[in-house]
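Right, one structure below, let's go through it.
Protein chains in written order, with my numbering: chain A, 1 to 346; chain B, 1001 to 1137.
As structure tokens, then:
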């Protein structure tokens, strides 16, 4: 850890933005997490299907993902003849975008790259760009499956974006904060506010998962829809549209897409942890360890649901999203408003 | 409830031992009643060639008066056993159905002796392999 104590000007290396961007929680750490998560995803899926999963490369197959990524990078990347010249640009940009998402997720109140008062709005913006990018990916590749998958991704984006935003409204009302760090503070005993703030929910040491179970359910569904995870993997359903928007991408592009998919999966779980499970708060262990542990637990739950569910049809997904989940999100807002009014937490 | 049921099922599967057998490292016992490789009693063989004519896949071919087998095509149906007038061809139980070779011509083999030993070690045979080091199963 003595590397962290190197001073640059009047700042320690560990405090500098460069360290946060490139080492922790930036590039190096997130790549390690993504490789681990890929392996873990395979292991969980294998265990559910009564298999062993990867077990030859490295101890218990842990190096299998590294081997796969090396293999994919070594492969030739074929660009279709009629594809747009921006073909190569899209997966790279989506990888960059997932790093933008990463910069908004607070690992602790110190280990967050971008922290400002309205980071939730920024986060919605980033989550809204991602499907647009998928649409461009499908369009750029000049492939009918790509375009069909892109169309489905767009439809799915419209379906989840609305109730995801509505789901977070009660949390924002309760925590009096638009920033993820503030929301985490509101759930625990924060260093700045030692006592509960009068006439609010803030700082009573209760997780939002306890007081907002409906919002938790809705946001888990929304995150699964956003990451195209199993009951909602309509945009890249293999039997229907071969790999959806990224059908034409192979080799290094495919590796990039898989890495950004798993990074988004980790960050989606991290978002749920920050919103509902008290973020980095926890006894005995360091804060970062708590955050990563909670995130991996939520991620494992999502993987578990993923491997248990069959895929929904597009129309069913839209029916569930627009006719059931959006009204539920509204209902949740009203219930929260009434309870806040009754308890005088305004 | 319809959502919970599959989740409970997969949760049970999650903590169960995998059904997969790590094959080359871990071998599962096969049923003792399995008869999975031919033997030929060369003392009682009449060299009639009925087995070779009856074989539906043309697996057996007569060579030097005795049937030899091309295991790349054998379906282990056992018609050659029924056809043999003296009962010289039999099938015995082995622990492993090990008839994988790198080249298909290596699967053209002499039949084993009735006690499961290799008839002619000079020629490729079913019990003979680098992995088995010439032993019989």
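Every residue, glycine too, gets a C-beta built ideally from N, C-alpha and C.
Exposed or buried, which one is residue i when buried takes at least 16 other CB atoms within 10 Å?
i, result
"residue 386 of chain A", "Because chain A is modelled from 1 through 346, residue 386 of chain A falls outside the range shown and cannot be assessed."
"residue 1132 of chain B", "Low per-residue confidence applies at residue 1132 of chain B: pLDDT is 44, beneath 50, and the placement is therefore not dependable enough to give any value."
"residue 344 of chain A", "exposed"
"residue 203 of chain A", "buried"
"residue 43 of chain A", "buried"
"residue 1095 of chain B", "exposed"
"residue 249 of chain A", "buried"
"residue 256 of chain A", "buried"
"residue 152 of chain A", "buried"
"residue 185 of chain A", "buried"
"residue 1005 of chain B", "exposed"
"residue 1003 of chain B", "exposed"
"residue 20 of chain A", "buried"
"residue 1017 of chain B", "exposed"
"residue 78 of chain A", "exposed"
"residue 15 of chain A", "exposed"
"residue 1046 of chain B", "exposed"
"residue 270 of chain A", "buried"
"residue 294 of chain A", "buried"
"residue 285 of chain A", "exposed"
Check whether the Cβ atoms of residue i and residue j lie closer than 8 Å to each other.
i, j, result
"residue 1020 of chain B", "residue 1111 of chain B", "no"
"residue 263 of chain A", "residue 98 of chain A", "yes"
"residue 333 of chain A", "residue 1010 of chain B", "no"
"residue 313 of chain A", "residue 231 of chain A", "no"
"residue 1077 of chain B", "residue 1060 of chain B", "no"
"residue 33 of chain A", "residue 166 of chain A", "no"
"residue 126 of chain A", "residue 246 of chain A", "no"
"residue 1069 of chain B", "residue 1062 of chain B", "no"
"residue 142 of chain A", "residue 80 of chain A", "yes"
"residue 113 of chain A", "residue 275 of chain A", "no"
"residue 1058 of chain B", "residue 1042 of chain B", "no"
"residue 288 of chain A", "residue 279 of chain A", "no"
"residue 35 of chain A", "residue 65 of chain A", "yes"
"residue 57 of chain A", "residue 46 of chain A", "no"
"residue 329 of chain A", "residue 160 of chain A", "no"
"residue 154 of chain A", "residue 236 of chain A", "no"
"residue 1092 of chain B", "residue 1035 of chain B", "yes"
"residue 178 of chain A", "residue 129 of chain A", "no"
"residue 209 of chain A", "residue 277 of chain A", "yes"
"residue 359 of chain A", "residue 223 of chain A", "It is not possible to answer for residue 359 of chain A, since the shown part of chain A is limited to 1 through 346."
"residue 139 of chain A", "residue 147 of chain A", "yes"
Any heavy atom of the ligand NAD closer than 7 Å to the Cβ of residue i?
i, result
"residue 1053 of chain B", "The ligand content of the structure shown is nil, which means the ligand NAD is not present either."
Between residue i and residue j, what straight-line distance do the alpha-carbon atoms span, to the nearest angstrom?
i, j, result
"residue 308 of chain A", "residue 1082 of chain B", "50 Å"
"residue 261 of chain A", "residue 296 of chain A", "15 Å"
"residue 118 of chain A", "residue 220 of chain A", "22 Å"
"residue 134 of chain A", "residue 82 of chain A", "18 Å"
"residue 181 of chain A", "residue 217 of chain A", "21 Å"
"residue 163 of chain A", "residue 1027 of chain B", "53 Å"
"residue 40 of chain A", "residue 259 of chain A", "13 Å"
"residue 291 of chain A", "residue 111 of chain A", "11 Å"
"residue 266 of chain A", "residue 1033 of chain B", "52 Å"
"residue 85 of chain A", "residue 92 of chain A", "14 Å"
"residue 1119 of chain B", "residue 1054 of chain B", "23 Å"
"residue 337 of chain A", "residue 298 of chain A", "28 Å"
"residue 1134 of chain B", "residue 25 of chain A", "Because the pLDDT at residue 1134 of chain B is just 40, under 50, the model does not fix this residue reliably, and the point stays unresolved."
"residue 282 of chain A", "residue 106 of chain A", "15 Å"
"residue 1085 of chain B", "residue 1037 of chain B", "19 Å"
"residue 304 of chain A", "residue 1109 of chain B", "50 Å"
"residue 30 of chain A", "residue 206 of chain A", "29 Å"
"residue 63 of chain A", "residue 301 of chain A", "23 Å"
"residue 1065 of chain B", "residue 1031 of chain B", "34 Å"
"residue 183 of chain A", "residue 342 of chain A", "22 Å"
"residue 339 of chain A", "residue 87 of chain A", "51 Å"
Could you please give me the residues that DSSP links to residue i through a beta bridge?
i, result
"residue 1090 of chain B", "B:1039"
"residue 1109 of chain B", "B:1069"
Less than 8 Å between CB atoms is the rule here; does residue i satisfy it with respect to chain E?
i, result
"residue 316 of chain A", "In summary, chain E is missing from the structure at hand, where the protein chains are A and B."
For this session: Only counting runs of 3 or more residues, tell me where the beta strand (DSSP E) segments fall wholly within the region 1025-1086 of chain B, in order along the chain.
Result: Counting whole runs of 3 or more residues, the region 1025-1086 of chain B contains the beta strand (DSSP E) stretches 1037-1040, 1060-1063 and 1066-1070.
For this session: Counting only runs of 4+ residues fully inside the region 63-117 of chain A, write out the alpha helix (DSSP H) ranges in chain order.
Result: Listed in chain order, they are 64-74 and 89-104.
For this session: Any chance you could list the alpha helix (DSSP H) runs of at least 4 consecutive residues sitting entirely within the region 150-206 of chain A, in chain order?
Result: Correct list: 180-187.
For this session: Please go through the region 241-294 of chain A and give each complete alpha helix (DSSP H) segment of 4 or more residues, from N-terminal end onward.
Result: You should have 252-276.
For this session: Go through the region 12-58 of chain A residue by residue and report every complete run of the alpha helix (DSSP H) that reaches 4 residues or more, in order.
Result: Within the region 12-58 of chain A, the runs of alpha helix (DSSP H) at least 4 residues long that lie entirely inside it are, in chain order, 17-22 and 27-48.
Exercise. Could you give the uninterrupted runs of the alpha helix (DSSP H) lying entirely in the region 304-333 of chain A, keeping only those of 4 residues or more?
Worked result: DSSP runs (the alpha helix (DSSP H)) wholly in the region 304-333 of chain A: 314-318.
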